[in-house]
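K.L.:
Have a look at this one before I ask anything.
Residue numbers (the numbering used here), protein chains in the order written: chain A, 12 to 558; chain B, -7 to 361.
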């Protein structure tokens, strides 16, 4: 279906015809189907079909892009039969050097390189072909059949070349804009491991994947999301490892996203999630190409979004958020111990303040007598119940953390020190909190930073507040119920058909080699079973043959 | 979708489900009940009652294998006729509702004693119910997955408890174990059998199993796990408390945990740690029975969707949990449930099995029926 995506309405506003919607609405300006007969079409509406006349085609672009003062229209003449030519591009998104060197220069000057006989044999009709094949030296050239096809490339930074007597537009790849280069990802630092991270430019990111998987089975599939923003989204996976139905599910879900614009992969993530009422992320996001590639080699699908360095990985299970690339780069014993430490840390980050409240308020008998006495002694000066004390201190530390995250790095650290040490100390001296509470708060905060994925760490931090309320009302019983509830909740979660708690429930004991501990790499010859990859064995003979 | 047949129960899930339900509903009271009923023959009685449970488990597995993908409520119609099948259905409904109420009550009583002395028992029950409903409304598979996830944790914590209780263990208390008093044993076994209730879910679980032909192996595995835990716990309780003291312990297993000095002494009382894992086991029992209650009511009325009954049965279970006024009445309620449970777990499966064999239905004849 040749749906026109752009047209100019009576007020000169370029409108985007929404797919599928507005079908019934045919009041002239909106009804694209009525445009064909021209009856209901406003005067300035331009036919998307190119004619052979250069001036008419050039004018079409001018009408469409007249409000964009960063658009460059340049006419010139080719010496071959004095053919009129023109380029249209957006200043800032293209490399003007390339346009000049590869397009304008050769056409204006380079025609002299052709043999005299050639020049004479050039009939008017195939000037464009001669130009393409022998004059223009740009590497990437495509053709656009009509204005709609040409519009998105222009807006993405390609250059359109129009030639008189040719009813198509040539799209010349000239994208180049000011972009951040590949840098170390600040949100996922490792001590040992590659330092390169994804950037905001989609092409760089796919290149980073391609650099690591030199396999023709690596699929990089382009999709577009956002009616206005037309954000490029790439679905990438390894054919022959990733399950076809998983790939299909991802692509279908992305195809169904219907919004105006997408700024970040986090928005895509929220559209792809099955369960909206949960603090837990159902897709993993990463800035690290090595992490993304490792996931793809396990049979997962990655989703890259233009304009953000965060790449999504689907499906995601809870345990994945506890894995750091370093676990694999260091020796397995160290990796395993760190893994266990992270699980313990997540437990503390979630339950430590609640356990403190419950034990101090309801079950002081749980503590050894000396400890119970010293806790009671330090709490003597505190005028609040344990819950209020904990709530005050936990809120303070969240305030500090949030402030530290928003401030410039150098100041952020200062705030951390000021907050952590001075406020903690002052709170104890002022009798607002007991030293034990300060210890608990500090342990909680540090534990929550031990989880490699920010999005899961923040989820655990958020749920600890309701658990504190339960601890304050029902003591340990409440904490136990909260623990059960969280487990039930996570067991009910699904991510693209995979269970969130896999491989713990349902148990797949073979996959446990990489959950709580990390066994030596030689023992991990099978890909995780719960993702159900097409090819379960990592040492296949020759991947290319299986295409 | 991921995983093969993700709505079905795997063999391991059935093992975990059976073991956890049995342990969750019975562990707390068993050592005292069995000793009260049989004195020194407690260990023997626990073992014999367990073996009986194994026999019944095998019978149920064979029944389920004869009628794959059907629950007892479906095939009892074929075997007994419509009206008796309805009666069977009603027995199951009443049994499941009252038993889940009883478990909830026993649990709440213990939680009150050990965790929250000043909190009304109503609050303890009400706090539990939302979590139960949250899981139940999502079906049997998430319940099985919860069991699967918690199974190692619960079994591990019980084993740890038993290991730590060895420091107070006096082998002399266990000695008269082989002085068998046949009469007492015979009388005590049916009373003890209540601790093993839970395996009757196999009459239903068979319909949801991925590989029904392997059901016997996995379900017996679950019961045997429970037997091992029970025998070890009874032995430990007798060894630590001596028989005469044990008779007057209301919650012997929790008392056992309380008697432990945790090495390293960062915590004074181990019973609270144990109570956490025990809560999980109890939770799985309540959830499963509650799910089966909703499931049976749905079948009885002839509806397809059981979800409305997840909410509608709540008042019923709440009232039953609060019906006994004191611990003595709880025991009376338990007595009645033993009769119901015996009907549900022994008489009905026995009758159905006999009928299936005599009338030659199910199994190979399934296509002809």
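Think of the CB as a built atom: it goes at the ideal place given N, C-alpha and C, for glycine as much as any other residue.
(1) What residues of chain A sit near residue 272 of chain B, judged by a beta carbon separation below 7 Å?
(2) Can you give me the C-alpha to C-alpha distance between residue 352 of chain A and residue 461 of chain A, rounded to a whole angstrom?
(3) Should residue 340 of chain A and residue 204 of chain A be called a contact, given that it needs their Cβ atoms to be closer than 7 Å?
(4) Kindly indicate which three-state DSSP category residue 448 of chain A falls into: helix, strand or coil?
(5) Let me know if residue 34 of chain B comes out buried or exposed under the rule of 16 or more other beta-carbons within 10 Å of its beta-carbon.
(6) Going along the chain, which residues of its own chain have a beta-carbon closer than 7 Å to the beta-carbon of residue 35 of chain A, five neighbours each way excluded?
(7) My understanding is that residue 12 of chain B touches residue 143 of chain B, with C-beta atoms under 8 Å, so please give their C-beta distance in whole angstroms.
(8) Counting only beta-carbon atoms, is residue 511 of chain A nearer than 7 Å to chain B?
(9) Name the chain B residues whose beta carbon is nearer than 7 Å to that of residue 498 of chain A?
(10) Name the chain A residues whose beta carbon is nearer than 8 Å to that of residue 266 of chain B?
(11) With DSSP as the reference, identify every bridge partner of residue 243 of chain A, one or two as the case may be.
(12) Any idea what DSSP makes of residue 38 of chain A, helix, strand or coil?
(13) Can you tell me the Cβ-Cβ gap for residue 36 of chain B and residue 177 of chain B, rounded? I've got them flagged as a contact below 8 Å.
(14) How far does the alpha helix (DSSP H) with residue 71 of chain B in it reach, from first residue to last?
(15) Where does residue 148 of chain A sit, in a helix, a strand or coil, going by DSSP?
(16) Checking 7 Å against the spacing of the C-beta atoms, do residue 319 of chain A and residue 275 of chain A come in under that value?
(17) List, in order along the chain, the chain B residues whose C-beta lies closer than 7 Å to that of residue 142 of chain A?
(18) Quickly, what does DSSP pair residue 302 of chain B with across the bridge? List them, please.
(19) Could you check which residue in A:216, A:91, A:252 and A:504 has the C-alpha nearest to that of residue 592 of chain A?
(20) In angstroms with no decimal places, state the Cα-to-Cα distance between residue 348 of chain B and residue 281 of chain B.
(21) Would you mind giving the Cβ-Cβ distance between residue 290 of chain A and residue 470 of chain A, rounded to the nearest angstrom? I have them listed as a contact below 8 Å.
(22) For residue 264 of chain A, which residues from the same chain have a beta carbon less than 6 Å from its beta carbon, with the 5 sequence-adjacent residues on both sides left out?
(23) With a Cβ-Cβ cutoff of 7 Å, do residue 375 of chain A and residue 383 of chain A count as a contact?
(24) In angstroms with no decimal places, state the Cα-to-Cα distance between residue 171 of chain B and residue 159 of chain B.
(25) In whole angstroms, give me the CA-to-CA distance for residue 126 of chain B and residue 401 of chain A.
(26) Sorted by chain position, which residues of the same chain lie with C-beta nearer than 8 Å to residue 213 of chain A's C-beta, five sequence neighbours on each side aside?
(27) Mind listing which residues of the region 86 to 112 of chain B have their C-beta closer than 8 Å to chain A's C-betas, in chain order?
(28) For residue 104 of chain A and residue 307 of chain A, what's the separation of their Cα atoms in angstroms?
(29) May I have the straight-line CA-CA distance separating residue 163 of chain B from residue 231 of chain B, to the nearest angstrom?
(30) Between residue 250 of chain A and the rest of its own chain, which residues show a CB-CB distance below 6 Å, the 5 nearest in sequence each way excluded?
(31) What three-state label does DSSP hand residue 367 of chain A in the structure shown?
(32) With 16 as the cutoff for other CB atoms within 10 Å, does residue 445 of chain A come out buried or exposed?
(33) Pull up the distance between the alpha-carbon of residue 191 of chain B and that of residue 213 of chain B, whole angstroms please.
(34) For residue 4 of chain B and chain A, any beta-carbon pair shorter than 7 Å?
(35) Taking DSSP as the reference, what is the three-state secondary structure of residue 281 of chain B?
(36) Could you pull out every residue in the same chain whose Cβ sits closer than 7 Å to the Cβ of residue 114 of chain A, ignoring the five residues on either side in sequence?
P.N.:
Let's see:
(1) Numbered from its first residue, the second chain carries residue 272 of chain B at position 280. What residue 272 of chain B touches in chain A: 495.
(2) Along the first chain, one-based indexing puts residue 352 of chain A at 341. Along the first chain, one-based indexing puts residue 461 of chain A at 450. Cα to Cα, residue 352 of chain A sits roughly 8 Å from residue 461 of chain A.
(3) Here the question's residue 340 of chain A lines up with position 329 in the first chain. Here the question's residue 204 of chain A lines up with position 193 in the first chain. For residue 340 of chain A and residue 204 of chain A, yes; Cβs fall inside 7 Å.
(4) As a position in the first chain, residue 448 of chain A is number 437, starting the count at 1. Note: residue 448 of chain A maps to helix in three-state DSSP.
(5) In the second chain, residue 34 of chain B corresponds to position 42, counting from 1. Looking at its Cβ environment, which holds 16 or more other Cβ atoms inside 10 Å, residue 34 of chain B is buried.
(6) For this step, residue 35 of chain A is matched to residue 24 along the first chain. The predicted model places residue 35 of chain A with a pLDDT of 42, which falls under 50 and marks its position as unreliable, so this point remains unresolved.
(7) Residue numbering aside, residue 12 of chain B sits at position 20 when the second chain is read from its first letter. Residue numbering aside, residue 143 of chain B sits at position 151 when the second chain is read from its first letter. Residue 12 of chain B to residue 143 of chain B, Cβ: 6 Å. Contact.
(8) Your numbering for residue 511 of chain A matches position 500 in the first chain. No, because no Cβ of chain B sits closer than 7 Å to the Cβ of residue 511 of chain A.
(9) The residue you call residue 498 of chain A lines up with position 487 of the first chain. Correct list: 138 and 141.
(10) Against the second chain, residue 266 of chain B aligns to sequence position 274. When 8 Å is used as the limit between beta carbons, residue 266 of chain B is near no residue of chain A, the shortest such separation being about 11 Å.
(11) Stepping through the first chain from its first residue, residue 243 of chain A is reached at position 232. According to DSSP, residue 243 of chain A bridges with A:235.
(12) Within the first chain, the letter at position 27 stands for residue 38 of chain A. Note that residue 38 of chain A has pLDDT 43, beneath the 50 cutoff, so the model's placement of it is unreliable and the number below is only indicative. Coil at residue 38 of chain A, not helix or strand.
(13) To locate residue 36 of chain B, count along the second chain from 1; it is residue 44. To locate residue 177 of chain B, count along the second chain from 1; it is residue 185. Residue 36 of chain B to residue 177 of chain B, Cβ: 6 Å. Contact.
(14) By 1-based counting over the second chain, the position of residue 71 of chain B is 79. That run of the alpha helix (DSSP H) goes 64 to 72.
(15) Indexing the first chain from 1 puts residue 148 of chain A at position 137. Coil.
(16) One-based indexing of the first chain puts residue 319 of chain A at position 308. One-based indexing of the first chain puts residue 275 of chain A at position 264. Against a cut-off of 7 Å, the Cβ pair of residue 275 of chain A and residue 319 of chain A comes out as a contact.
(17) As a working mapping, residue 142 of chain A is identified with position 131 in the first chain. Chain-ordered listing is empty here: chain B has no CB closer than 7 Å to the CB of residue 142 of chain A, the nearest sitting near 53 Å.
(18) Indexing the second chain from 1 puts residue 302 of chain B at position 310. Answer is none; residue 302 of chain B lacks a bridge partner.
(19) Chain A is shown only over 12 to 558; residue 592 of chain A falls outside these bounds and no answer can be derived.
(20) The residue given as residue 348 of chain B occupies position 356 in the second chain. The residue given as residue 281 of chain B occupies position 289 in the second chain. The straight-line gap from Cα to Cα measures roughly 26 Å.
(21) Here residue 290 of chain A refers to the residue found at position 279 of the first chain. Here residue 470 of chain A refers to the residue found at position 459 of the first chain. Contact check for residue 290 of chain A and residue 470 of chain A: beta-carbon distance about 4 Å, within the 8 Å limit, so the pair qualifies.
(22) For the purposes of this step, residue 264 of chain A is taken as the residue at position 253 of the first chain. Result list for residue 264 of chain A: 283, in chain order.
(23) One-based indexing of the first chain puts residue 375 of chain A at position 364. One-based indexing of the first chain puts residue 383 of chain A at position 372. Less than 7 Å divides the Cβ of residue 375 of chain A from the Cβ of residue 383 of chain A.
(24) Translated into positions along the second chain, residue 171 of chain B becomes position 179. Translated into positions along the second chain, residue 159 of chain B becomes position 167. Straight-line Cα distance between these residues: approximately 26 Å.
(25) Here the question's residue 126 of chain B lines up with position 134 in the second chain. Here the question's residue 401 of chain A lines up with position 390 in the first chain. Just so you know, the alpha carbons of residue 126 of chain B and residue 401 of chain A end up roughly 29 Å apart.
(26) Here residue 213 of chain A refers to the residue found at position 202 when the first chain is read from its first residue. Excluding residues within five positions, the ones whose Cβ falls inside 8 Å are 243, 245, 315, 316, 317 and 318.
(27) 103, 107, 108 and 111
(28) Position 93 of the first chain holds residue 104 of chain A. Position 296 of the first chain holds residue 307 of chain A. Those two C-alpha atoms are separated by around 31 Å.
(29) Taking the first residue of the second chain as 1, we reach residue 163 of chain B at position 171. Taking the first residue of the second chain as 1, we reach residue 231 of chain B at position 239. Between residue 163 of chain B and residue 231 of chain B, the C-alpha separation is close to 6 Å.
(30) On the first chain, residue 250 of chain A is found 239 positions in, with the first residue counted as 1. For residue 250 of chain A, where only same-chain residues beyond five positions count, the Cβ hits under 6 Å are 228 and 230.
(31) For the purposes of this step, residue 367 of chain A is identified with residue 356 of the first chain, where counting begins at 1. Residue 367 of chain A: helix per DSSP, three-state reduction.
(32) Sequence index remark: in the first chain, residue 445 of chain A carries index 434 (1-based). It is buried - the Cβ of residue 445 of chain A has at least 16 other Cβ atoms within 10 Å.
(33) Your numbering for residue 191 of chain B matches position 199 in the second chain. Your numbering for residue 213 of chain B matches position 221 in the second chain. Roughly 11 Å separates the two Cα atoms.
(34) Indexing the second chain from 1 puts residue 4 of chain B at position 12. True, the Cβ-Cβ gap to chain A drops below 7 Å.
(35) For the purposes of this step, residue 281 of chain B is identified with residue 289 of the second chain, where counting begins at 1. In the structure shown, residue 281 of chain B sits in a helix (DSSP, three-state: H, G or I).
(36) Locating residue 114 of chain A in the first chain gives position 103, where the first residue counts as 1. Around residue 114 of chain A: 98, 147, 149, 170, 172 and 183.
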